[in-house]
Each structure stands twice: as C-alpha cells, then as structure tokens.
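Visitor: To start, I am sharing the structure in question, which I have written as structure tokens.
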Amino acid sequence: MVRDSALALSEAANAKQAGADIVEFRVDEFFDPVAAEADPTRQEREIARLVTESPLPCIVTCRSSKEGGGYSASESDRIDLYGKLVRSEGKHSHPPRYIDIEGFALSALRSEAPGNSQLLQSAADERDLTTGLIVSTHDFQGRPQDLTRRILAMREFPEASVIKVAYRARSLRDNLELFELLRDSDRPTIALGMGEFGLMSRVLSPKFGGFLTFASLRPETVTAPGQPTVNDLLGLYRFRSIRKSTRVYGVIGWPVAHSMSPLVHNAVFAEHKFDGVYLPLPVPSAEGSSPSDAESTFASFKATLGALIDDPHLDFFGASVTIPHKENLVRFARERLKADPGIWSLDALSLATGAANSLLLERENKHIQRARVFNTDIPAAVGPLRAALGGLEGKSIAVIGAGGVARGIAFGLVQDGALVTVFNRTLARATEVVQVLARHLQNPKNLSAEVTEALADLPIFDAYVNCTPVGMTGGPDSAGIAMPFDKLMAANANTGNKSRVSVVLDTVYNPVETPLIRAATSAGWKVIDGVTMFIEQAALQSEAWTDKSAPRQLMDRIVRAKLNQTAE
Ligand code: NAP
C-alpha cells in the first residue's frame, strides 16, 4: 500500500530480500487531492519512478472507490494513468509487469472507449505487450452470487493475460471451489479466499497451478484479510516445495489461529523432507451450549471434514483434532464406520473415552484404503508418567479435573494398572467420569471420585496430574494451583510423609513453568511439564503419518522457544 514512494521502494527491497518474486504496488491511497492541486503531475511521476526503480518486477494496482479502493479521481484519469505506465515513454523507465483492473471496469472501458484507450491499445498490440493485464473480481463480504457469470465474462476478454478471483471464504469448503477454478482455467489464474478460512487457498495455490499468491511483509501491512506474511509462507509453510503431489494435513479446531501444531508438524515434515504441508483448519462451533448448538457444531464439523476427505484432488491425508471437536471426530468416525466398515477404524482409547485427536487416511491413486481415528493425548500423558514412576502397576495417582483430558488420562492410567482417584471441585462431575469409564474398564474398582479439597487430608499420592486450566496464561486462574498443595504439605509434615517424592504432571503448557510445577519443584518432586505431553501427542501423530521416528528434541526446542518468545 504505497503512501510514500521512497518507503515503498525500500519495502520492495525488503520483500525481495525475504524471497518474493514480484511485488504489488497498491497506489490508490497515494493520490492526495490537496497535493495534486499544487503539482498535478507529481504523483504520476512518483509512480513512474516507483515502477522504474523497483527491485522486483511489479504489479501496479490502483483501485477506485467503486472497486473498494482509495482512488477517488475520475475513471478516465485512472485509465489514463495506467495507459501512461504501460507505454512508459522516458529513456530509463520500464513498464510494470502487470496492471490489475477489475473485470467490470475493463468491460466499461471496452464499451465506452475502445478506440482511444492507450491501455487497451497497448494490451491489444502484441508486439508491444510487455505489460500484462490481471483482470480481477473481488468480494470482501462473501462468495459473490454471480461468481460463475463474472468468471465467464472475464474469460471473454482477449486482453486478460491473468484472471484473478478473490472473495471472503465462508468456510474451509470455499477453498475447494477455488481449487476447482484453478484446475479448470484456460489461462493463468489467481484464486484466493480472503479471511481466516481462506489461508488454505493461499498456501496451496502452487498445488493446483495457481499463478501467484500474495503475502505481506509484516502482519500489520496486509492488504487483504487472511494474507500470511512472506516469512510464514516461505518458512513455516514451505511454499517453494508445495507441488501437485503434496499431501495436506492440518489441525481442526476452534479457535486454531494461534495453535502451535502447524509450527511443530511443518518443522517435522521439513526435517524428514516429507512431501506434506500442515495447516490450521478452523471449523467454528456454535456459540451456546444447548443440545441444538452441539448438533449444529457437529453438522459443520461433519460437512467440512467430509468435504476435505472426499475431495479427489486435495490429497488430504490426516489431521489433528482439538477443542471443541474431539468428541465430534469419534461421532463422525462411528457414522463412517457403519457405512464403510472395511475402511474405517477407531482405536480402543477413542471408543472408551468418546474422544479422539488424530486422523490418518491412507490413499492409493486418490482412493481411501484405510481411515484410522485414534487418540494420542492419552499415551502422551501415560507414557511419561510410566517412565517417571518406573511402571504404573499399583501406583496411586490423583487426577485433578473431570473434563475430557482428565477422563482420557484416568482411563489410560487405570487400564495400565494404576489406582486412580479423580478429584474435581464439583464432586458430581468426578463421579460421572468414574461411572462412565467403569463400563469400559476391566478393573473399575481401581477408579474412584473425590472432591478436590479432600486431597489435603489424604496421604501423598505417587503422582498428581493437573487436568484443569488452572495456572494457564489467560485461563480462569492463571496464578493458581488446582490442588491444595500447601495444605497437603503441611498435613503431611507431621506424618513423616513430607519427604516422600511424588511426581507432578501439569497438562497446562503455557506457561511452561506453571505455579504447580514451581511448587512441586521446590518441594523436590519430579515434574513433567505440559510441553512434554504436547510434544509426545504430536510425535505419535507424526509417526503415524510419516512412518518415521519423530525428532522429539527438535520439536521440544521449537515449542519451548516459541513459548518463551510469546512470554516476553
Ligand atoms: P474441560 O473439559 O473444560 O475441563 C476442565 C476441568 O477443569 C473441569 O473439570 C473443570 O471443573 C475444571 N476447572 C475449570 N476451571 C477451574 C478452576 N478455576 N478451578 C478448579 N477447577 C477448574 O477441559 P479439558 O479439555 O479437559 O482440558 C483441560 C486442560 O488440559 C486444558 O486447560 C489444557 O491446558 C490441558 N491440555 C493439555 C494438552 C497438552 O498436550 N499438554 C492437551 C490438551 C489439553 P468443573 O467440572 O467443576 O467445571
């Protein structure tokens, strides 16, 4: 967005340095009517200089107010400006590589001034054609109802060297239509979804033969909602290595914009030189908590995941599934299992706990051979606890919290021989967890429920697992500890039990050092932090997808560095 030509040139140099191939100068906000009165041709001269001195080939775009831009002078002045740039008389100047014009503006120009527009003449004169025309259509609100008509009209223009379609994606499914547009196109095409749901279309553009994709230098310089930064595009998503065969993975959840999973999984793919990319896949949930809200959340999950799985061109090979869709994944898998028992399967942990976080699809010639839904959250907690305790058989473990994570971990621990008590601030929910799990356990007597306060008066357990958000940055009680730690230590001080070394696993990973981890460390206990669990659940997913052992140390380093950086 050009407001100062010297600054724009230095930003273009930064873009080149960051790895861009071409730069777009949006010049519409550059036109200041007051300055124009003093020196009517200054802005035009400045734009010509911008184009001439640009360190990269450039696209010049001047959007009129009718096109949603900032240019308010007459249409004939705008076309005149474009015409002059295309002709670029002047010894040292060279024309822009492309000029972008909206389809409806080009249509008007063709009918109103076919003979005397320098722009059209130049575009029509193939010998002189050093500047191509990007003919575009935008909708910042949603998918235009007359999208097909607009595209057909743009394809009618012989001058259009590139066709560009950009609209606000309403859900992930809109990306699939944009990819179809790219596949069906008769000439170079840009098809992009704006907003959070459209990121997939921007990153996967090379997979479907898209002509180019846009990125900003910094988050604050985006020119359309949902644009990634050039560093994220090239570094995080490895845009240069995306090709037709690239497999697509991602994290389905709501919200997912700040998930660390893309950072971790893309780094692992890069390390393995694996032909895959991992994206945030936002699937919203209904606002309320009524049964009909839950139904509508499941409906949107089912429609979106179904469309991604069934698309024959996307090469969707798997996903991580997070809050609030872990239960929805199990429900979805049960429905598919009924219809396709030879292909779909659900692991025992997901079946028993009703929640799963992982999906793996195996395809041959695009056709799904196997679809496996499984749970890596539970082994990610149980494994490190087993290692810290030297086995789980007969070990007493306090699980604090009665939500989905507590349910899964309690189940996994009891199944592996531990004696587990579920503690919760509301006893009724803890009791419910025990009742539900008992139906799936061979040794249900090893599981009981208690209210959290009771924990202070009990002897010290072999391990404590925090499954509440207490201690989490931005959570309900970020400075708190979910168990009465001090009271427990005081009560056991007189029994000689105080010196007993216990193990604490805090599932909260932001911050890495929670108040509980700090207190347990000062008491001399062994601690397992939430990052360890997070890495392990991701490592198990990655191993299922890539068939290679996950680089856990690398993953750990990346996550801790990111968390430290955000904490600063
Ligand atoms: P959930 O279903 O919402 O359950 C939360 C539990 O915490 C409930 O039992 C709730 O008690 C209790 N709770 C909430 N606020 C509390 C407070 N202020 N004081 C005491 N108890 C409170 O959540 P979830 O899905 O099980 O997730 C729990 C935690 O696991 C998350 O906060 C997340 O940090 C962590 N997690 C970590 C990983 C990892 O890889 N490290 C992965 C997933 C989740 P009531 O029943 O009384 O409401």
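Okay, so the sequence shown: first residue is 7 according to my numbering, each after it adds one.
Note that beta-carbon positions come from the ideal geometry of N, C-alpha and C, so glycine has one too.
1. Helix, strand or coil: how does DSSP classify I65 here?
2. Would you identify the three-state DSSP class for K279, choosing helix, strand or coil?
3. With hydrogens ignored, establish whether the beta-carbon of M561 is closer than 6 Å to any heavy atom of the ligand NAP.
4. Whole angstroms are fine: how far does the CA of R413 sit from the CA of D152?
5. With distances taken between CB atoms, is the gap from E162 to L139 smaller than 7 Å?
6. What is the DSSP secondary structure of H373, reduced to helix, strand or coil?
7. Just to confirm the assignment, what range does the alpha helix (DSSP H) spanning S167 have?
8. Three-state secondary structure (DSSP) at D106?
9. Can you give me the C-alpha to C-alpha distance between L560 and E293, rounded to a whole angstrom?
10. Looking at the ligand NAP, does it come within less than 6 Å of G348, judged from the CB to the closest heavy atom?
11. Do you know offhand how far H98's Cα is from S82's?
12. Taking DSSP as the reference, what is the three-state secondary structure of F211?
13. Does Y243 come out as helix, strand or coil in the three-state DSSP assignment?
14. Could you check if N430 belongs to the surroundings of the ligand NAP, using beta carbon to heavy atom distance under 6 Å?
15. Leaving out the 5 sequence neighbours to the left and right, which residues in its chain are closer than 8 Å to V537 when beta-carbon positions are compared?
16. Relative to the alpha-carbon of V442, which residue among A339, G409 and E399 has its alpha-carbon at the smallest distance?
17. In chain order, what residues of the same chain lie with their CB nearer than 7 Å to the CB of G527, ignoring the 5 residues before and after it?
18. Is any heavy atom in the ligand NAP found nearer than 6 Å to the beta carbon of T310?
19. Since V379 and S402 are thought to touch, with beta carbons under 8 Å apart, how far apart are those beta carbons, to the nearest angstrom?
20. Quick one: which unbroken beta strand (DSSP E) runs of 3-plus residues sit fully inside the region 502 to 531? Chain order, please.
21. Which same chain residues, not among the five before or five after D34, have their C-beta less than 8 Å away from its C-beta?
22. Please report the straight-line C-alpha distance between E459 and G389, rounded to a whole angstrom.
23. When you compare the CB positions of V405 and V428, do they come within less than 7 Å of one another, or not?
24. Which of the three DSSP states is assigned to R6 in this structure?
25. Do G407 and I384 have their CB atoms nearer than 7 Å?
26. Determine contact between the region 340 to 354 and the region 362 to 378, defined as no fewer than three beta-carbon pairs at a distance below 8 Å.
27. Say yes only if the C-beta of P475 is nearer than 6 Å to one or more non-hydrogen atoms of the ligand NAP, and no if none qualify.
28. Given a cut-off of 7 Å on the beta-carbon distance, is the pair S326 and S267 in contact?
29. What number of angstroms, rounded off, separates the C-alpha of D299 from the C-alpha of P290?
30. What is the DSSP secondary structure of I329, counted as helix, strand or coil?
31. Just to confirm the assignment, what range does the alpha helix (DSSP H) spanning M200 have?
32. Give the DSSP-derived three-state secondary structure of E456 in the structure shown.
Guide: So, from the data block:
1. strand
2. coil
3. no
4. 49 Å
5. no
6. strand
7. Counting along the chain, S167 falls outside any alpha helix (DSSP H), though it belongs to the beta strand (DSSP E) covering A166 to R174.
8. strand
9. 37 Å
10. no
11. Its pLDDT being 49, under 50, H98 is placed unreliably in this model, and the coordinates cannot settle the point.
12. Going by the sequence as given, residue 211 is Ser instead of Phe. Correct three-state label for S211: helix.
13. coil
14. yes
15. Y515, V518, D562, V565, R566 and L569
16. G409
17. What sits at residue 527 in the sequence shown is Thr, not Gly. If we look at T527 and ignore the five residues flanking it on each side, its Cβ neighbours are V533.
18. no
19. Contact flag wrong, Cβ pair sits at about 32 Å.
20. 509 to 512
21. T67, C68, R69, S70, G75, G76 and Y77
22. 28 Å
23. yes
24. The structure shown does not extend to residue 6, since the chain is modelled only from 7 through 574, so no value can be given for it.
25. no
26. yes
27. yes
28. yes
29. 11 Å
30. coil
31. Note, M200: premise wrong, no alpha helix (DSSP H); beta strand (DSSP E) at T195 to M200.
32. strand
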